[in-house]
Every structure is written in structure tokens, then in C-alpha cells.
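What follows is a single structure, written as C-alpha cells, with notes after it.
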Amino acid sequence: MLGKLLKYEFKATSRILLPLYGALLIFAFIVKIFIGTKLDGVNMDFLGGIPAVVSIFTYGATMAAVFIVTIFIIIQRFYKNLLGDEGYLMNTLPVSTTSNISSKLISAIIWSLVSIFVAILSIIIMMYNREAFGNFFSIIPEAFSKAYSEFGRLLILVGIEFLVAGLLQLALNITLIYTSISIGHLLPKMKILGSFGAFIVLNIIMNTIFSSIMLLIPNSFSEYMSLVFQSNMTALVHLIGLGAAFINALWFTIFFLITRYILKNKLNLE
């Protein structure tokens, strides 16, 4: 059933996001026409440079729109589909609360990653220069070689650790939004304002707990660990990657369970 929910989510969201992605890439090509192969300026000879300036401005506006609309859709799909008018239909389906939340979460993660990829691709198209990019890609093997000499075969493991930590951070950010919306929806009035307030309070709680834990660590232990890391850089990198993944996974689980509990036991549809 989760697969059918995901298919429905992608069908509903792609109608908005795919045209935006296409527009961003088109404007990147247009800007590239005016920039040419140079990266230090635009062609100001054609019609006084007005088309070039307009195309650059439009590209920037479209780039901003891609991320703004992505965030808006993440919020809108969760709120409208589970807490708004569509919530009556969704909660009559033979689908668990976990599946409902998961379908929204997976869709949001994928679209966020696609938005980032398309944005980077548009920048590459707009700024492409054969010589500059040739130099850049010639540096990559050298950088990889240095990293491999430092970490050896653990380089792949370190990369996986940071990749997992990054994905968990993205999932955490999205579930934080979901939890804030769910808490705000418990209020009889001013649900949107309550959601904003919940988002701020939850962030404060996370930062306060992290700061408190850091203050509780004895100075002697911190100094000992500092000496260990100075002699073993690999251990430091592993600790950062695994530590970030663990913390993100912990908060993600907490927020997911809170959201699930509210939707399952405290649902108050409009």
C-alpha cells in the first residue's frame, strides 16, 4: 500500500515541480548564451545588455522559486492531505498512520534531493567552461588520492557515514516540520501560528539539550579525547560521521513517533 501512496504523491507533486525544473534549466541555457565561454561578464552589446540582465534576474528568481515551492509542497501535502479536507478520505483508507507519514516523508526527501541536483546542474550549465571544468575535474583524482593515502580503504566507509548522516539530517528537518504542524493543529484556533511556535520551541529544546550535554562532559575527558584525535585523525572523522548520524537518527525517531502519536490518537480534522 505504501507503494500506491508514493505513486499518488509523486503524481500530485510532479505536476508542479517538473515544470519548475524545466524552466530553471531553460533559463540556465539562456543565461549561458549571453555569458558565452567567459565567466567574468555578460554580453552587453546586444540591446544594451537588457536581455542578459533580465534573463539572469529571471534565472535567480526561478532558482529561489524551486526551493521555496519545494518547501511549500512539503508542508502543503502533509497539512492538506492528512490534517485538512483530504484527511477524511485518507483516514478511511485501509492504511496505517505510519504508511501515511512515510509516503509524505519519502516523497519530500526525494523531491528535496532532486531540487538540489537540478539547481547544481543549472549552475554547471550556466557556468560551463571547458578549460575551467577540465582543470577542476583533473583535481578530483589528486584529491581522492590524498584522501585515500590518509584514510586508506576506510575512505569509502567515511563517505557512507557522512552520506547517511546527511540523509538523516534531511529526514530530521522534514519530520521536525511535520511534528510542528501536528502540534499546532492540536490548538482550537490559530493553528498556523501554533505550528510556527512549535517549530521554534522544538529547535530551542534540541539546542538546549545538546548544549547541556556538552557542558556535562568533564574537561579532563575532553582533553584526553583531544589528544587521542590529534594522534589519530581517522578516529576523529569517524566520530564526527557516526556521531552526527546517531544524533540525527535519534531526533528523527523522536519526532516521527510524536507525529505518529498525534495523528493516530489526537487527530482533530477541520
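Numbering (the UniProt record's numbering), first residue to last: 1 to 270. Cβ atoms here follow ideal geometry from the backbone N, Cα and C, with glycine treated the same way.
Report the option in the options whose CA atom is closest to the CA atom of residue i.
i: Ile123; options: Tyr21, Ile101 and Phe10; result: Tyr21
i: Lys32; options: Leu121, Val95 and Ile110; result: Leu121
i: Leu113; options: Ser99, Ile125 and Gly166; result: Gly166
i: Phe10; options: Arg77, Tyr59 and Leu25; result: Arg77
i: Lys7; options: Val53, Phe196, Ile140 and Ile110; result: Ile110
i: Phe210; options: Leu257, Asn248 and Phe27; result: Asn248
i: Arg15; options: Thr70, Ala52, Val95 and Ile26; result: Thr70
i: Ser102; options: Met214, Leu5 and Lys189; result: Leu5
i: Arg260; options: Val66, Ala12 and Val95; result: Val95
i: Ile156; options: Val237, Leu18 and Lys189; result: Val237
i: Asn100; options: Met1, Ile139 and Leu25; result: Met1
i: Thr13; options: Ala52, Val54, Ile139 and Asn81; result: Asn81
Using the beta-carbon count (16 or more within 10 Å), is residue i buried or exposed?
i: Lys104; result: buried
i: Ile160; result: exposed
i: Ile204; result: exposed
i: Glu142; result: exposed
i: Ile183; result: buried
i: Leu93; result: exposed
i: Met126; result: buried
i: Ser256; result: It is Phe, not Ser, that sits at residue 256 in the sequence shown. Under this definition Phe256 is a buried residue.
i: Ser212; result: exposed
i: Ser115; result: buried
i: Leu202; result: buried
i: Asn207; result: exposed
i: Met90; result: buried
So with Cβ pairs under 8 Å, would you call residue i a contact of chain C?
i: Ala249; result: This model lacks chain C altogether, as it is built from one protein chain only.
Go through its chain and collect everything with a Cβ distance to residue i's Cβ below 7 Å, but skip five positions before and after it.
i: Ile74; result: Ala108, Ile174 and Ile177
i: Ala245; result: Glu161, Val164, Ala165 and Leu168
i: Leu242; result: Glu161
i: Ala28; result: Tyr59, Ser122, Ile125 and Met126
i: Ala65; result: Leu20
i: Phe72; result: none
Ordered along the chain, which non-local residues of its own chain (more than five positions away) have a Cβ less than 8 Å from that of residue i?
i: Ala23; result: Thr62
i: Gly194; result: Ile183, Gly184, His185, Leu186 and Leu187
i: Lys264; result: Thr97
i: Ala171; result: Leu105, Ile109, Asn248 and Phe252
Please go through the same chain and pick out, in chain order, the residues whose beta-carbon is closer than 6 Å to the beta-carbon of residue i, but skip the five residues on each side of it.
i: Tyr79; result: Ile181
i: Ile262; result: Ser182
i: Lys191; result: Gly184 and His185
i: Leu83; result: His185
i: Ala198; result: Ser180, Ile183 and Gly184
i: Ile258; result: Thr179
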